[in-house]
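These notes concern the structure reproduced below.
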Amino acid sequence: MNIRPRRNRKNAAIRDMVQETQLSTDNLIYPMFLKDGNKIKEDIPSLPNIYRWSIDLLLSEIEECLKLGIRVFDIFPAVEDRLKDKTATLSYDPNNFYLKAIREIKSKFPEAVLMSDVALDPYSSDGHDGLVENGKIVNDKTLPILAKMSVAQAEAGIDIIGPSDMMDGRVGVIREALDEHGFSETSIMSYTAKYASSFYGPFRDALNSTPKSGDKKTYQMNPANKMEAIVEAGLDIEEGADMIMVKPALCYLDVIHLLKEHYPTPVTAYNVSGEYAMVHAASRNGWLDYNAAVYEMLLSIRRAGAEGILTYFAKDFAQMIRS
Ligand code: PBG
């Protein structure tokens with residue numbers, strides 16, 4: 121035997137030296153949930169150890185994460201039902217609790233990079249990402265709302281706009297609106313290949329944003345399709361996306377890999393709420409080693425080709441590599 125692959129695995133130093141994929145907190149984006157009020161740290165039963173925070177406590181949590189080396193945060197608003205309407209009016213009101221909180225975070229921690237979601241669902245009485253008319257999600261009438269929401273978020277200090285709505289043409293419309301309002305430096309990370317997935321359940325619990333009727337299959341992608349991701353990515357890049365995202369991550373590692381091979385644009389992946397919940401459920405039963413499973417999952421998403429990973433494991437991972 122001339123070739124014995126085990127020689128490169130014989131001790132930790134050699135294994136580490138030949139390791140092809142690296143994973144650090146630099147790769148991670150931490151999704152967090154904000155709720156209006158004071159001194160709130162509310163449990164989300166389907167998302168263990170993840171909370172709905174009021175801004176005062178969220179600021180301390182962000183400070184703690186920054187100390188651990190997490191620098192990018194994606195903040196989602198949990199909106200009270202009585203403030204939701206068909207056209208998601210609250211989403212672009214500059215005085216809404218979310219945009220006020222973003223300003224506060226940016227003024228306290230200018231070094232924190234903030235990302236936001238652009239879609240109607242957290243603010244919509246229909247619970248859909250687009251405008252609903254006669255039971256249909258109407259594409260073109262949704263676009264101006266998304267543009268207004270994006271400009272309001274950029275004004276509040278968001279660094280990376282994350283259109284997650286899957287309407288056709290939205291990246292171009294948002295890019296144009298941002299530029300017109302003087303936000304040519306605000307980035308866009310588009311949810312490019314976002315699948316109609318069963319793994320978003322705990323997130324919808326967190327925001328109470330489950331669609332009131334129907335599902336999201338007329339705008340989110342069919343899990344059976346891969347080539348369609350190339351079409352979506354081509355459009356988003358042409359329209360001005362700086363980064364393209366695949367979501368969810370674990371069932372779609374092939375799609376991450378495909379987009380990585382196909383385009384020079386940085387690829388990110390969203391390790392979604394259901395993927396997080398599964399690991400927690402199994403490790404609480406003693407069926408999985410939590411730390412080892414988290415590391416392997418995140419590393420695999422990197423190996424598939426994602427530069428950045430949105431993950432609820434971010435803080436745990438940061439603490440894990442410290443100890
Ligand atoms: C909403 C949005 C969703 C997620 C991120 N943005 C849910 C959905 O599309 O229904 C899911 C994230 C997760 O499950 O962690 N536009």
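Counting from 121, one number per residue, gives the positions in the sequence shown under the working numbering. Here a beta-carbon is modelled for each residue, glycine too, at the ideal position from N, C-alpha and C. Here the structure is a predicted model, which means the values were calculated and not measured.
Contact test: residue i Cβ vs the ligand PBG heavy atom, cutoff 8 Å
{"i": "Gly334", "result": "no"}
{"i": "Tyr124", "result": "According to the sequence provided, residue 124 is Arg. The question's Tyr does not apply to it. Because no heavy atom of the ligand PBG lies under 8 Å away, the Cβ of Arg124 does not count as near it: no."}
{"i": "Ala401", "result": "no"}
{"i": "Ser329", "result": "yes"}
{"i": "Gln340", "result": "yes"}
{"i": "Ser310", "result": "no"}
{"i": "Tyr372", "result": "no"}
{"i": "Ser284", "result": "yes"}
{"i": "Phe319", "result": "yes"}
{"i": "Phe229", "result": "no"}
{"i": "Ala272", "result": "no"}
{"i": "Phe153", "result": "no"}
{"i": "Asp299", "result": "no"}
{"i": "Tyr432", "result": "yes"}
Exposed unless 16 or more other CB atoms sit within 10 angstroms - verdict on residue i
{"i": "His444", "result": "Past the edges of the chain, shown from 121 to 443, lies residue 444, and the structure says nothing about it."}
{"i": "Val199", "result": "buried"}
{"i": "Glu395", "result": "buried"}
{"i": "Asp92", "result": "In the structure as shown, the chain starts at 121 and stops at 443, and residue 92 therefore has no counterpart that could be examined."}
{"i": "Pro165", "result": "exposed"}
{"i": "Asn169", "result": "exposed"}
{"i": "Val138", "result": "exposed"}
{"i": "Gln273", "result": "buried"}
{"i": "Ile134", "result": "exposed"}
{"i": "Ile123", "result": "exposed"}
{"i": "Val271", "result": "buried"}
{"i": "Lys314", "result": "buried"}
Endpoints, the beta strand (DSSP E) within which residue i is located
{"i": "Asn391", "result": "Val387 to Asn391"}
{"i": "Glu253", "result": "Leu251 to Glu253"}
{"i": "Ile134", "result": "Premise fails: Ile134 lies in the alpha helix (DSSP H), Ala132 to Met137, not in any beta strand (DSSP E)."}
{"i": "Met363", "result": "Met363 to Lys367"}
{"i": "Gly428", "result": "Gly428 to Thr431"}
Residues sharing a beta bridge with residue i, DSSP
{"i": "Ser403", "result": "Ser403 pairs with nothing; no bridge assigned."}
{"i": "Gly282", "result": "Asp237"}
{"i": "Lys314", "result": "Lys367"}
{"i": "Ser244", "result": "Asp205"}
Segment limits, alpha helix (DSSP H) that includes residue i
{"i": "Leu355", "result": "Met347 to Glu359"}
{"i": "Lys220", "result": "Phe217 to Lys228"}
{"i": "Pro331", "result": "Neither: Pro331 is in no alpha helix (DSSP H) and is coded neither H nor E."}
{"i": "Val291", "result": "Arg290 to Glu300"}
Nearest-angstrom beta carbon gap, residue j and residue i [assumed within contact, 8 Å]
{"i": "Ile350", "j": "His382", "result": "6 Å"}
{"i": "Gly277", "j": "Leu234", "result": "7 Å"}
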